[in-house]
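Undergrad: My structure is below; once you've seen it, I'll send some questions.
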Amino acid sequence: MKVLMTEYLRIDLETENWECRVCDHVIGSAKKSYKEGLLVNNRDPREIHPPILDPEKYRFTFSPDPEWVRILEFCCPSCGTQVETEYAIPGHPPLYDMEPDLPALKAQWAKRGEQKTPVVGPAVAADKGHGH
Amino acid sequence: MSEKTTQVASKTPSAEDVALIKKFLNDTTLFLGPDPEIMQNHDLMPRSAEEDAAMKGISDAHTVAKIRDRIQAGCDEGYEMVEQMGAAPGAKWGDIITGVYSASGDLAIASAGGVLIFSALVHHPIKFIIKNWVNEPTVGVREGDGFIHNDSRYGNVHNTDQSMILPIFHKGKLVCWVASTVHEGENGAIEPGGMPSMAESPSDEGLKMCPFKVVENYQIKRDILTFLQNSVREPKLQYEDMKVKLFACLRIKQRIEETLNTDGPSALIATLRTTMENVRAEVKRRVSEWPDMTVRTYIIQDSTLRENCVVKINCKLTKTGDRLIFDFRGSSPEFTNRATNTIVAGLKGMLAQVFLCYVWPDLPRGQAAFAPIEVITDPHSIVNCSYDAPNSQSLMSIFTGFTAGQHAVAKFLYSCPEKYTKVHAPTFNMINTFIWGGVSQHGETLGNLCADLNGMGGGARADLDGEHALAPIFATMADIGEQELNEEDVPFLQLVSKKMTRDAIAPGKYRGGQGYTMIVATKDSEQWGFMTTAQGAKIPPIQGLFGGYACGCYPLSKVKGVDVYDVLQNDPSKFKHSIEEIMNERPFEGASYSTYHMGMGFEISKRGELFMISQGAGAGYGDLLERDPAGVIRDIEEGLISQGVAERLYKVKFDPVTLAINQEATAAARDEERKARIARSVPYAEFIKTWNKPTPPSHLQYFGCWGDDVTKLYMGSADKFRDASTPRPNYMTHPKDVRIAELEARLAALGAMGGEKQ
Ligand SMILES: [Zn+2]
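Residue numbers (this note's numbering), protein chains in the order written: chain A, 1 to 132; chain B, 1001 to 1758.
So, in structure tokens, the structure goes:
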């Protein structure tokens, strides 16, 4: 059985691996951080959050300061889908952000049965008001 | 809470001795400070004998539902009264709450509208009153009494929020409490408006009211009222809103009495307790549906509001079975002389909003929804500060703490089939607004803020973009108010108001909702000024979700040496309607144009000078290359993003004149970009070899743990730190002294100190 863990990641409970939901690539052991099986790019935040004020003229520009923060972009090595971003202080080790308890996950899903598509959750519908 | 025991070599005192020592200490207490037994606990009080008996007597769920709805309606009625009659801007825009509390002080039922965070926090002062004043012969708690409170060290968020608390009696017996809380603003602090970022100790923060009696026989005591009025900048507001809160409480009291008369006290007591216990049990059930997992995240505060530095809010969220544990250890140490610290109850109150507003909005609003969730912090940290630390800007830490919680929770919710809302990227979390004060065009002394703080951009959701300028994270049903109404009372105009700030984006498959521009200029007063209190001018204060990006940064811009009202009169075409145009084109000759971080201390303004800021965007969700090209074009059409940025980031190919999308070219450009990503990225193991550093970078003043080691808290540099469990003072130098030292060093290097004697 496979559990859909994020927009782009699932865990195969039998093989205990992280997999890419876009291209089915096996990313790595679910006993470790999925990030270990991804590629990383150290992105200058000004490329994503462009300066609105002229950087030649001003100290603050609406862009993050690239000396203060970087965007770590994690992508699938097979399909290039951007699986995760992490706004990180330069040199700060990337976080082991999702560490599931696999035996507990197996026990929980044994009772549920596999879900091929994620549950999105309730939509907020416009109130039609009171009428007769 | 258990008695603290200290191991000593001498003999252990007997139980009799311990009782005697305790009595002696109680009888000779010199000061009733905040009680850790109350302040560190956010769970429900144990079920009392009266509650137990009452619950056994009521087996009918319909009776409970009927009474709950009546009390709920009463709370909503009280809320409406405060909102309609309250004088504080915060009251008009919903920064209020009303509620009914159990006899033990737990909030059972709260108004449907308003600032829900109070719901998790006003029980503390009530418990203080119960513990200290009920049996105190010089105080007492009697029918007709009312108590006031605003010192957050005894409960609640910060001391701009004032509560009125009334005990409700039935036939001489206390059955419950009612309370009404409003963000009043002014409180006599060192800066106007009630949230001084200049405060360097609690003594700079204005009125600090521990819970005390201001109402007897349902009348406000005039002597105490006068003292309170004399302690703040807005004496009329102080009086008016105390009356409004009192009468709102009395209306709720009336509704409670109607219930007491029809159903009796047992039915009421049983309803309050059953509501809380049911919610608490339901929360544990819902948590058990989440995957057992640990999620880690951190959010950075990039300033103390006085200076830029790197302040970490570290969060590890662990779910095991039906337990959910927020572990904030490793977050920054408290600042001894900066106001961004929070007491831990404030953090918990805000975390409760993650659940009540964004995860389980269907649950009855009250204290029970967060009661079973656990929180761990380091002592004397920025999220659990001491009595001696200033906390008037606690919003900075509770909001970033909220975002850490919201970010972590989303990673649990994705796989959980049982959902009550959609998975949600972090909402923008800073109060980007103008706080203002001075003497108005009508000669009134005022100190308060623009409700634009309520226009935070919403985070993207699993299948939808975020909403623009939606709501503050602490009150999903608050309003941003009518600027034109505000301008009748204050001597400044928002020359640009509620115009979306173009290119201040949070990209993703679904993009974050954006924020709008505010450009203000004083017009009709020589004694009027502004301050801004937000972080995030150098580092975004949120994180993106599942490959989406966070927002960018939001600075303060000023234009001085211009009277823009003269420009508008004489040559209106010179005025531009965006920060981008005004700052880059510099249309006013002779004016000076400058940028700053968002922690502007109170500054007197001159007529026609511009202060310009923008509200922020919520975070994006998912890989931006998956964004529907039509959504990108819509954003261009709506002025949210410029054509160049849209094409460069989203790789959408379109005709620049007609905006017609070239679908094939777009698909090809996106495929190419995915390949380019793979080409420019490196495997994780290789990446961390050069990226990971053992200590914080030397060019940043860094506060908090580094990496996984949460036992070592850095305090400004790699060689200055404390043991997480051992508090140490953490003083910051006055930014002006820092600047003077820099300039003196330059003078000295030039040999230009002029032989000044030292
Ligand atoms: Zn893939």
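Note that beta-carbon positions come from the ideal geometry of N, C-alpha and C, so glycine has one too.
Identify the contact partners of C75 (chain A) in chain B, using a Cβ-Cβ distance below 9 Å as the criterion.
TA: Residues of chain B passing the Cβ test: G1547, D1623, R1674, R1677, I1678 and S1681.
Undergrad: Among the candidates B:F1474, B:Y1650 and B:S1440, whose CA atom is the shortest distance from the CA of M1430 (chain B)?
TA: Among B:F1474, B:Y1650 and B:S1440, the Cα nearest to that of M1430 (chain B) is on B:F1474.
Undergrad: If you compare alpha carbons, which of B:G1140, B:S1180 and B:T1532 is closest to M1242 (chain B)?
TA: Residue B:S1180 is the option with its Cα nearest to M1242 (chain B).
Undergrad: When the Cα of A1504 (chain B) is compared with those of B:S1525, B:A1617, B:V1439 and B:E1581, which residue comes out closest?
TA: For the residues B:S1525, B:A1617, B:V1439 and B:E1581, the minimum Cα distance to A1504 (chain B) belongs to B:A1617.
Undergrad: Using alpha carbons as the reference points, say which of B:L1228, B:N1384 and B:S1331 lies closest to V1157 (chain B).
TA: When each option's Cα is compared against that of V1157 (chain B), the closest is B:N1384.
Undergrad: So, helix, strand or coil for F1326 (chain B), using DSSP?
TA: Three-state DSSP puts F1326 (chain B) in a strand.
Undergrad: In chain A, which residues lie less than 7 Å from F1687 (chain B) when you measure between Cβ atoms?
TA: What F1687 (chain B) touches in chain A: V40.
Undergrad: From A:I71, A:T81 and A:G80, pick the residue whose C-alpha is nearest to that of L95 (chain A); which is it?
TA: Out of A:I71, A:T81 and A:G80, A:I71 has the C-alpha closest to the C-alpha of L95 (chain A).
Undergrad: Measure the beta-carbon distance from I1435 (chain B) to N1454 (chain B) and round it to whole angstroms, keeping in mind my assumption that it falls under 8 Å.
TA: With 8 Å as the limit, I1435 (chain B) and N1454 (chain B) do not qualify as a contact, their Cβ atoms being about 14 Å apart.
Undergrad: Helix or strand or just coil, what does DSSP make of Q1758 (chain B)?
TA: Looking at Q1758 (chain B) - three-state DSSP - the assignment turns out to be coil, as it is neither helix nor strand.
Undergrad: If you draw a straight line from the alpha carbon of E84 (chain A) to that of L1625 (chain B), how long is it in whole angstroms?
TA: The alpha-carbon atoms of E84 (chain A) and L1625 (chain B) are separated by roughly 13 Å.
Undergrad: With N1132 (chain B) as the anchor, note down where its alpha helix (DSSP H) starts and where it stops.
TA: H1123 to N1132 is the span of the alpha helix (DSSP H), which, as asked, contains N1132 (chain B).
Undergrad: Residues in the same chain with beta-carbon distance under 7 Å from A1550 (chain B), minus the five sequence neighbours each way, listed in chain order, please.
TA: Contacts found: A1506, P1540, I1542, Q1543, G1544 and A1619.
Undergrad: Say yes only if the C-beta of S1681 (chain B) is nearer than 7 Å to one or more non-hydrogen atoms of ligand 1, and no if none qualify.
TA: Checking the Cβ of S1681 (chain B) against ligand 1 gives no.
Undergrad: Closest Cβ-Cβ distance between Q1543 (chain B) and chain A: below 8 Å?
TA: It does; some Cβ of chain A falls within 8 Å.
Undergrad: By a C-beta neighbour count over all protein chains shown, 10 Å radius and 16 as the cutoff for buried, is H92 (chain A) buried or exposed?
TA: Buried is the call here.
Undergrad: Taking 8 Å as the CB-CB limit, is V1423 (chain B) close to chain A?
TA: Answer yes: the Cβ-Cβ gap between V1423 (chain B) and chain A drops below 8 Å somewhere.
Undergrad: Distance cutoff 8 Å, beta carbons only. Does P50 (chain A) sit that close to anything in chain B?
TA: Closer than 8 Å to some Cβ of chain B, the Cβ of P50 (chain A) qualifies, so yes.
Undergrad: Report yes if the CB atom of I1398 (chain B) is closer than 8 Å to the CB atom of L1324 (chain B), and no otherwise.
TA: Not closer than 8 Å, so no.
Undergrad: Closer than 7 Å by C-beta to V1354 (chain B): which residues in its own chain qualify, once you throw out the five before and the five after it? Chain order, please.
TA: Counting only Cβ-Cβ distances below 7 Å, and skipping sequence neighbours, we find F1402, G1405, Q1406 and V1409.
Undergrad: Leaving out five residues on either side along the sequence, give the residues of the same chain with a beta carbon under 6 Å from the beta carbon of L13 (chain A).
TA: Here the set comprises M1 and K106.
Undergrad: Is there a C-beta anywhere in chain A that falls below 8 Å from the one on W1093 (chain B)?
TA: Not one chain A Cβ lies under 8 Å of W1093 (chain B).
Undergrad: Please give the ranges of any beta strand (DSSP E) in the stretch 1072-1115 of chain B, keeping only runs that are unbroken, at least 3 residues long and fully inside the region.
TA: DSSP runs (the beta strand (DSSP E)) wholly in the stretch 1072-1115 of chain B: 1096-1102 and 1107-1110.
Undergrad: Looking at the unbroken alpha helix (DSSP H) that takes in A1054 (chain B), where does it start and where does it end?
TA: Looking at the DSSP string, the run of the alpha helix (DSSP H) that includes A1054 (chain B) is A1049 to G1057.
Undergrad: Determine, using beta carbons only, whether S1394 (chain B) and G1438 (chain B) come nearer to each other than 8 Å.
TA: No. Outside cutoff.
Undergrad: By the 10 Å Cβ neighbour count, where 16 or more other Cβ atoms means buried, how is F1687 (chain B) classified, buried or exposed?
TA: That one is buried.
Undergrad: Report yes if the C-beta of T85 (chain A) is less than 7 Å from at least one heavy atom of ligand 1; otherwise report no.
TA: The answer is no for T85 (chain A).
Undergrad: Can you have a look at S1002 (chain B) and say buried or exposed, based on whether 16 or more other CB atoms are within 10 angstroms of its CB?
TA: Reliability fails at S1002 (chain B), whose pLDDT of 42 lies under 50, so the model's placement of it is uncertain and the value that follows must be treated cautiously. S1002 (chain B) is exposed by the Cβ-count criterion.
Undergrad: Run through the stretch 1193-1231 of chain B for me and flag every whole alpha helix (DSSP H) of 4 or more residues, listed as ranges in chain order.
TA: Segments of the alpha helix (DSSP H) lying fully in the stretch 1193-1231 of chain B: 1222-1229.
Undergrad: Per DSSP, what kind of secondary structure is F1024 (chain B) in: helix, strand or coil?
TA: If DSSP states are grouped into helix, strand and coil, F1024 (chain B) belongs with the helices.
Undergrad: For R46 (chain A), which three-state DSSP category applies?
TA: Residue state, collapsed to three classes: helix.
Undergrad: Grouping DSSP H, G and I as helix and E and B as strand, with all else coil, what is S1002 (chain B)?
TA: Annotation note: pLDDT 42 at S1002 (chain B) (below 50); position unreliable, coordinate value reported separately. Here S1002 (chain B) sits in coil by DSSP.
Undergrad: Considering only heavy atoms of ligand 1, list every residue whose Cβ is less than 7 Å from one of them, following chain order.
TA: In chain order, the qualifying residues are A:C20, A:V22, A:C23, A:H25, A:C76, A:S78, A:C79 and A:T81.
Undergrad: Judging by CA-CA distance, which residue of B:G1608, B:A1646 and B:P1379 is the nearest neighbour of S1592 (chain B)?
TA: Ranking the options by Cα distance to S1592 (chain B), first place goes to B:G1608.
Undergrad: Less than 8 Å between CB atoms is the rule here; does M1500 (chain B) satisfy it with respect to chain A?
TA: Not one chain A Cβ lies under 8 Å of M1500 (chain B).
Undergrad: For a minimum of 3 consecutive residues, which ranges assigned as the beta strand (DSSP E) are wholly contained in the stretch 1391-1458 of chain B?
TA: Counting whole runs of 3 or more residues, the stretch 1391-1458 of chain B contains the beta strand (DSSP E) stretches 1435-1439 and 1445-1449.
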